[in-house]
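Enquirer: If you use this note's numbering, the sequence shown corresponds to residues 23 to 179, in order.
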Amino acid sequence: TRTLAIATHDAPILHQRAQEVGDIQVHAIQTLLDEMLTTMQAANGVGIAAPQVFVPLRIIIVASQPNKRYPDAPFMEPIAMINPEILWQSDTTCSGWEGCLSVPDTRAQVKRAERLRIRYWTRTGEQVEAEYSGFVARIIQHECDHLDGILFPERLE
Ligand SMILES: O=C(NO)N[C@@H](Cc1ccccc1)C(=O)O
Ligand SMILES: [Zn+2]
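In structure tokens:
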């Protein structure tokens with residue numbers, strides 16, 4: 023599986039809204055999903071969004087695991103979320119450190135909802151809903167922002 027080039031924050035694609043994936047396209051993006059995961063892992067990331075690899079589609083990979091950049095991150099099996107929609111997020115917020123593979127050498131404390139409920143399509147095309155909290159919920163919010171052209175420095179108080 024090859025790694026893809028990662029857009030830096032000056033790339034226009036990172037400031038645009040990404041397009042929904044059509045149901046007939048789900049079979050055609052399987053390789054892309056593998057390449058996004060490989061690209062993220064090569065960069066010691068814990069998440070990545072398709073616009074970061076110059077693909078203007080609403081696809082994210084959420085893959086929290088302890089690594090050099092986030093030694094305290096909880097471990098989870100990587101999840102591909104196609105057309106993710108945050109259905110609900112808690113009023114309760116928390117601040118935590120974020121970084122971005124498209125904003126090198128930058129870290130900042132960002133306030134995010136502590137919990138959320140999300141609906142998405144799996145890579146096999148089934149629609150699921152699930153709830154997340156803490157650092158994984160943070161990653162999800164960060165990745166969903168990318169699909170709307172928002173980068174984490176724009177979320178600073
Ligand atoms: O650039 C990305 N994702 O878009 N990757 C970020 C994901 C992230 C999100 C929130 C908090 C910490 C980390 C990374 O540093 O691995
Ligand atoms: Zn990012």
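C-beta: ideal position from N, C-alpha, C; glycine also.
Got a sec? Which residues, its chain only, sit under 8 angstroms from PRO78 by beta carbon, not counting five neighbours each side?
Expert: ILE35, GLN38, ALA40, GLN41, ALA72
Enquirer: At which residue ranges does the segment 79-134 contain complete beta strand (DSSP E) runs of 3 or more residues, listed in the order of the chain?
Expert: 81-84, 101-111, 115-122
Enquirer: Is it buried or exposed, ILE101, if we count other Cβ atoms within 10 angstroms and call 16 or more buried?
Expert: buried
Enquirer: What are the start and end residues of the beta strand (DSSP E) that includes ARG137?
Expert: 137-143
Enquirer: Identify whether GLN41 lies in helix, strand or coil by the three-state DSSP scheme.
Expert: strand
Enquirer: Under a Cβ-count criterion, where at least 16 other Cβ atoms within 10 Å of its own Cβ denotes burial, should VAL150 be classed as buried or exposed?
Expert: exposed
Enquirer: Could you check which residue in THR114, HIS168, GLN52 has the C-alpha nearest to that of GLY121?
Expert: HIS168
Enquirer: For GLY67, name the three-state secondary structure that DSSP assigns.
Expert: coil
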